[in-house]
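A short worksheet on the structure shown next.
Number of protein chains: 2
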Amino acid sequence: MGRSYWIWYPGDFELYHGMKQNFSRVERGFGWPAFWKSEGFRNRVAFRRTYQLEKETSFTVYSNAIGHVLVGDKKYPFGKKIVCGSGEVAVGVHTGCIEAFPCIYVEGEVICSDKGWIVEDYDKEPLPAGKSKYFTEPNQNPTVWEYSEKVYEPVSVTEYNGGTLYEFETELNAVLEAEFKNGYQPVLICCGESREEAIDPVHCYYSWQPDKETGKCPCCAVRFAYIPDCKPGEVILRANHQYVDIPVKASFHCGEDRLNQIWSVAEHTFRLCSGIFFIDGVKRDKWIWSGDAYQSFFVNRYLMADADIDQRTILALRGNDPMTKHINTIVDYSLLWLLGVDYHNEGYGDRDFLELVYPKMVSLMGFCNGRRDEHGFLIGKEKDWVYIDWADMDKDGPLCAEQMLYAACFRAMAEISEQIGKDGSVYRAEYEKLTAVIEKFFWDEEKGAYIDSFTSGRRNVTRHANIFAILFSIVDETKQEKILKNVLENDEIPAITTPYFNFFELDVLCRMGKLTEVLDKIRSYWGGMLDLGAVTFWEEYDPSVPKEEQYDMYGDHFGKSLCHAWAASPIYFLAKYFAGLDLVNKDGVTYILKPQMQYFTELDCTLPVGSNGVMRLVWDGEILEITPNADGGILELGEQKLSLVRGETRRVKI
Amino acid sequence: MGRSYWIWYPGDFELYHGMKQNFSRVERGFGWPAFWKSEGFRNRVAFRRTYQLEKETSFTVYSNAIGHVLVGDKKYPFGKKIVCGSGEVAVGVHTGCIEAFPCIYVEGEVICSDKGWIVEDYDKEPLPAGKSKYFTEPNQNPTVWEYSEKVYEPVSVTEYNGGTLYEFETELNAVLEAEFKNGYQPVLICCGESREEAIDPVHCYYSWQPDKETGKCPCCAVRFAYIPDCKPGEVILRANHQYVDIPVKASFHCGEDRLNQIWSVAEHTFRLCSGIFFIDGVKRDKWIWSGDAYQSFFVNRYLMADADIDQRTILALRGNDPMTKHINTIVDYSLLWLLGVDYHNEGYGDRDFLELVYPKMVSLMGFCNGRRDEHGFLIGKEKDWVYIDWADMDKDGPLCAEQMLYAACFRAMAEISEQIGKDGSVYRAEYEKLTAVIEKFFWDEEKGAYIDSFTSGRRNVTRHANIFAILFSIVDETKQEKILKNVLENDEIPAITTPYFNFFELDVLCRMGKLTEVLDKIRSYWGGMLDLGAVTFWEEYDPSVPKEEQYDMYGDHFGKSLCHAWAASPIYFLAKYFAGLDLVNKDGVTYILKPQMQYFTELDCTLPVGSNGVMRLVWDGEILEITPNADGGILELGEQKLSLVRGETRRVKI
C-alpha cells in the first residue's frame, strides 16, 4: 500500500480547527467566541490527479463528504473498491460538505492520497492538497482532533469550609472525572488556576456539573478543584489531561536552581499553550492571537522546533483571500503575522509551505498598502485596533512603532520574493521610501530617539518604536547607541510593564550586549512569580501589587491568566543569547554557536537546530563540550571560529 | 409578547439551505454536488439593538450557536431570562457556530426579535437581520426546513416479472415507507418517474433499501416504484410527499379541455419544482440554476405570486461579495440573475429586499464590467461557460446574445438605481455605448438580422440574439419587423429546440401579436407530451423521437428529467397574453388587463395581482365579467380603457 494521508483544500483544516479553538472560550457559564472576522472553510472542492498506470490497479476513496469518484467519465460511490486498467487515467474526487471541510482518504497500491494531488474550490486556481501527519488512517476523522491523554490523581484532597478541595501537581488542561462513592450527585465542581479561584464558587471561571452517565466535565484549565458541601471521600476526582503530543527537544540544566526552575516552569507554561495552535492562555482567552503567536514561534524554535504548529497557526490566523480586515482586528498583528512567517521560514525553510503562504503575504501587504496616509504611513482605519502594547503612548495620527514593523515587512517581502524567484525590487523600493519618511517625521535628533507621533505636536518618546527600530535593524549603529542611552537606559522613559513587550525589550537588550541586566531581570521577574507559588507563568506580573490582588486583571478578581504563552520567553533568551545558539540557514552555515559560559558555573543543555537536528552543550566550568547532531555548525569563541561536525564532539577549554 | 422571528445574517439562511439543495443530487448510489463555487455562510456574527425602555422588562435569547448576550457591559448566557431596568439599553448578542449559520430568537414583551435588529459579521457594515415567516417559534431550528407532508397510497399495485410494481396517481417528491407483512426484508425499492425506469433496477436513478427501524427511504422523485422478487401484498408501500406549502392563487378553466389539462399539469410540474428554492427538476439536477429560476419568476407571478421563494432563490444564487465567478459558472446566468431581480422588483416592489440586494447587483455589474474586451463587449474568460442555449451557434469571440442581455442589465441598473435614489447615469451611459457597438458590429443590414459573432467572419444568424433584442426592447420597431420576417418567420433559420429557449421565443411571438401561432404551439408541443402520458412536463420534448427513446438524454436511457420547471411556461403565456394580465406598478396603475377572449369559447380564471391581490375574469362567450380584489387596474379593450375598482365587478359585452 502507498502511504496515504487524509487530504483537503490547503488551509481548510486550520481554518476549521482554528474556529473551533476561537469559539471554545467559556466564562462563568456563557460562551465567548472571538470578536473578529471568522474565516470559513470551503464546502465544495474537487481533488484531481492523473496517473500513468503500468498495469491494472484498484483503490478506494473514503470521505466525510457527499460526492463521487470520477475515473475517466465514469462515476463511482465512496467506500467501494474501484478497479482501473493500465494507461493514462484521470481521477477526480468530487466532494461537498456543509458542516465541516470536505476531506478524502485514498487507499490503494498505486493510486493513493500521498503527495501529488491538487484540489480546486471552483473559485481560485487549483493548489496542492493539504494534509497533516496526525491523520493517516482511513478510520480517522480529520474534523475531530485526537488529543493525547494523561491521567492525574490529585496530590492532595482536603476539607475546606464544608466542601472538598483537590489539588493537582501542576496546572492541567483537563477533563475532570468524578466517581461517586454513594451514587451520582449533581455536585458543582469549581475549578481554579489558583486555590483562591477554586474555593470561590461565584467568581471562578469554570464550574461544572459532571455528566450523569460518564461523571465527566468539559475540558478546562485546572490546578485546584473544589466541591462545596461535600465531604472528602464522597467524590473521587481525577483529571484527564488533554494535550497535543509535540515532543520537547530541548533540555536545560545549569548550576543555578532558580534558572533551572524558571526554564522548567516556562516549558510547562509553553506546552500548555501549544495545542493544535499557539494560543495565548490555557484558561483565557484560548484564542489564537497573532502577536502572541509571533513570540511563541521564537520559543518553539528553541524548545520543540515543531514546524507544524507554526504552520497551522499561521494558516489559521491569516484566513482567506481577499484580506478585508486586520488579523485579530489589530494593525500590528497583521504585520507581526508576516514577520512571523519570515521567522518561521528562516528556521525551517519549508519551500512547499512558503509557496502556499506567499500569495497570502502578498495580499496582506496589498491590504496594508491600501491603508496608508499621504506620507505613505500605515494608519488605523475605522474599527482597526492600533495596539502595540497596553501602554500610555501618544497614538495621535500614524504611530512610529507601526511604521517600524511595516518597514520590516517590506524588507522581509523583498527577501522572500527573491528567495522564491520573484521580483522583490518593488518591496525594496517601498522599504527605502518608508524608512526615509520615518527618519524625516519621527526621528528627533535633539532627543536622540524616535517619537511616538508627529501629528500631535507632543513629541512624546516611549520605548516601543525605539525597540523595534533596533530589533528589526532599521536604524544604524550610531543611532542604536543613542537609543540605548536616551531610551533604553533612561529611567525617565516609562518602563515596559507588560510581559508581551518585555519580550521585545529583553531581546533588544541581549542584542545590545546587556546580558547581565537581562539575566537579572529573568531572575527577578520570573523568579518573583515563582516566589508567589507560580507553577506556570502569568499573563502579567507586577511585584508592587499586594499578593491578594495578584490574580486581578481587567477589573475581574480572577481575570488574569496564570498560564500565558508570552511569559515563556526565558527559554528563548537562555537558549539564544546565553547558550548562544543562533540559526543562520544561509551560505552553507546552519547555525552559529556563541556560548556565554561566564554566566554559568556549569551547564548541560540540548537544543534543537531547526526541525531535523539537535546540539548538546556541556560546560563544567572549564571545558566546553559540543556534540552536534546537525550539519553546518560554527562555534564562535571571541574571534575564534571553529566548525562543528555532525556526530563529532568538540571539546574546548575556555 | 412581541411578535418574534428567528433572525440571522441576511442571506445566510438562503446560502445554507441553498448548499443543502445543491448537494442533494443523488444518482445511482453516489452524490453529485453542484459543480460550481459554493458560497458559505458566516460563522461569527453579532446582533445588536438599542432600546429606550420606559420600565423594567425581561427577555430570553435562544440560539443554535455558542455565545452570550451583552446588556450594557454585563454578559448573560442563552436560554435564561434577563431582566433590565428602564432607560437606554444596548443589547448585543454574540454568536459563533461552525456547522451552520448562527441564528437567535429573542422572546420578550418589549425586547424581542421582530424587525429592527442589525447584525454584523466583523467584516462589512452591519445590515438589517434576515428572517423567514416559516420560523417564528422558539422551539424551531432554522437550519432544518420543516416540510409539509401528504400521504399518498398507490393507485395500483400489480405483479410484474416476479416483483411488485406500485403506481401513484402522479409524480411526487416523497419518502417511500414500506410496511412488511412478514417481517423486515432488505428489499430494493426502485423508483421511477416513468414505469420503464422503475422496472429497470440497474438503470433507474434511485433505488433504496428501506431503513430497518422505520421502513423509510430517502426522499426522491417517484411516480412508479418497483420491488423485484416480491409478491404483491408482501410489502405495503405508501408515499409521504414532501413539499413547501406555497398557496396557489390562480385557477384557469376554459372551454378547451386540452388547455385546461396543460394548465393543470404545468401547475403540478411547477409546484414540484418550487421547494425552498426554484430548482430545475425534481428528479434531476435538483440544483438552483439562475436561467431556470429566471423563467420560474415569470410563472410564479401568475400562479402563486409568492415573493419569498423568488427572494430565497435570488439570495442563494448570488452568494457573497466579492463576486469572483459567474453564477452557475455561466455568463448569461449572471445577467439573467440581475434581470430576474428586476422582474421580481417590478412584480412585488419590496423596498427592504431591494436595498439588501442592490449592492449585490452593483458588484455583479462590476464583476462583468471587468470581463469586457476592447470594444466593451462582455466575453467569456477561462472556465466561464457561455451557454445561451443547447444550440448550434457561432460562439467565436463576443456573442451577440450575451450583449443583448448585458445591455438590458445596464438599463435595469439605471432604473433601479434611480428608484432607490442613487445616480443611474453611469449605467445609462454604458447602455448607450454598448447598444451603439452592438449595432455597429452585430447588425447585418443585408440579412436584416443580428449575427451571432463578428470575429469568425461567418456572419451566422440564429434566433437567439434576435429574440433577446426584441424581448428586452433593445431594437426599434422597424428592425423588430425585419427580425420577425427574416428570422422568426424564416424557416431557414434553425428552429429553437429546447423548452428553455422556447420560453423566450414564444414570449417574443406573443409580444409581436402572434397569439394564434403560440396557442397552436402550446396545444401541439405540451399537448404532445400529454399524448405520451405525461403527468408532469419534461425537460425536453421532440415529437420526432420514437416513443421508446423519449426518456433518453445526455446519453443516459433515463437521463431526461420528466418534471422540469422550465416546461411550466404555458401558465405564463395563458395568463399574460390570453387572459391578458400585465403588472405595471407605475404612476398609480397596478395592472392592465387586455383579455383576448377570441381564443376561448368560455373562460373562468383567477390570477394574482402582485403578492397582495387577485383578479377574477369570467367570460361566457358574450359577457366579460371582471372582479378585482386589487387596486389600480385598467381594462383595455381595443382603444377603450376602463378603470377597475377593488371589489366591484365590471361587466362588458364584447
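Keeping their order, the protein sequence lines are chains A and B.
The opening residue of the first sequence carries number 1 in my numbering; numbering runs sequentially from there.
The opening residue of the second sequence carries number 1001 in my numbering; numbering runs sequentially from there.
We put the CB at the ideal spot given by N, CA and C, even for glycine.
Remember, it's a predicted structure, so these values are computed and weren't measured experimentally.
Chain-ordered chain A contacts of residue i [CB-CB under 8 Å]
i	result
residue 1032 of chain B	67, 68, 75, 94
residue 1325 of chain B	122, 123
residue 1615 of chain B	By Cβ distance, chain A contributes nothing, its closest Cβ being about 42 Å from residue 1615 of chain B, past 8 Å.
Contact belief for residue i with residue j at Cβ below 8 Å, rounded distance in angstroms
i	j	result
residue 1611 of chain B	residue 1305 of chain B	5 Å
residue 91 of chain A	residue 111 of chain A	6 Å
residue 1324 of chain B	residue 1385 of chain B	Contact flag wrong, Cβ pair sits at about 15 Å.
residue 222 of chain A	residue 165 of chain A	About 12 Å separates the two Cβ atoms, so there is no contact after all.
residue 219 of chain A	residue 242 of chain A	5 Å
residue 1040 of chain B	residue 1288 of chain B	With a Cβ gap of about 15 Å, residue 1040 of chain B and residue 1288 of chain B do not count as contacting.
residue 295 of chain A	residue 503 of chain A	5 Å
Element boundaries [beta strand (DSSP E), containing residue i]
i	result
residue 191 of chain A	189 to 192
residue 1361 of chain B	That residue, residue 1361 of chain B, is in no beta strand (DSSP E); its alpha helix (DSSP H) goes 1351 to 1369.
residue 293 of chain A	Not the beta strand (DSSP E): residue 293 of chain A falls in the alpha helix (DSSP H), residues 290 to 303.
residue 640 of chain A	640 to 644
residue 197 of chain A	Note, residue 197 of chain A: premise wrong, no beta strand (DSSP E); alpha helix (DSSP H) at 195 to 198.
Contacts of residue i in chain B (Cβ-Cβ under 8 Å)
i	result
residue 59 of chain A	Going along chain B, no residue has its Cβ under 8 Å from residue 59 of chain A, so there is no contact; the nearest lies around 16 Å.
residue 38 of chain A	1042, 1043, 1044, 1096, 1122
residue 291 of chain A	Chain B residues near residue 291 of chain A: none, gap ~18 Å exceeds 8 Å.
Rounded C-alpha distance that separates residue i from residue j
i	j	result
residue 1335 of chain B	residue 1361 of chain B	10 Å
residue 427 of chain A	residue 410 of chain A	5 Å
residue 1198 of chain B	residue 1339 of chain B	39 Å
residue 1014 of chain B	residue 1008 of chain B	10 Å
residue 258 of chain A	residue 28 of chain A	36 Å
residue 1540 of chain B	residue 1469 of chain B	25 Å
Residue-chain proximity (residue i, chain B), Cβ-Cβ < 9 Å
i	result
residue 16 of chain A	yes
residue 107 of chain A	no
residue 78 of chain A	yes
residue 517 of chain A	no
Chain B residues whose Cβ lies nearer than 9 Å to that of residue i
i	result
residue 553 of chain A	Neighbours of residue 553 of chain A on chain B: none; closest Cβ ~16 Å, over 9 Å.
residue 283 of chain A	The contacting residues do not exist; residue 283 of chain A stays about 17 Å from chain B at best.
residue 20 of chain A	1098
Beta carbon proximity, residue i to chain A, threshold 9 Å
i	result
residue 1537 of chain B	no
residue 1100 of chain B	yes
residue 1023 of chain B	yes
residue 1497 of chain B	no
residue 1164 of chain B	no
residue 1035 of chain B	yes
Element boundaries [alpha helix (DSSP H), containing residue i]
i	result
residue 1499 of chain B	1499 to 1511
residue 1608 of chain B	No alpha helix (DSSP H) contains residue 1608 of chain B, which is instead part of the beta strand (DSSP E) from 1603 to 1609.
residue 531 of chain A	527 to 531
residue 243 of chain A	First-last for residue 243 of chain A: 235 to 243, but that is the beta strand (DSSP E), not the alpha helix (DSSP H).
residue 1326 of chain B	First-last for residue 1326 of chain B: undefined, no H or E at that position.
residue 615 of chain A	Unbroken run through residue 615 of chain A is the beta strand (DSSP E), 613 to 619; no alpha helix (DSSP H).
residue 1440 of chain B	1425 to 1442
Neighbour list for residue i in chain A, Cβ cutoff strictly below 7 Å
i	result
residue 1081 of chain B	Here the premise fails: no neighbours, minimum Cβ distance about 14 Å.
residue 1322 of chain B	322
residue 1029 of chain B	77
Chain D contact for residue i (CB, 9 Å cutoff)
i	result
residue 1329 of chain B	No chain D is part of this structure, whose protein chains are labelled A and B.
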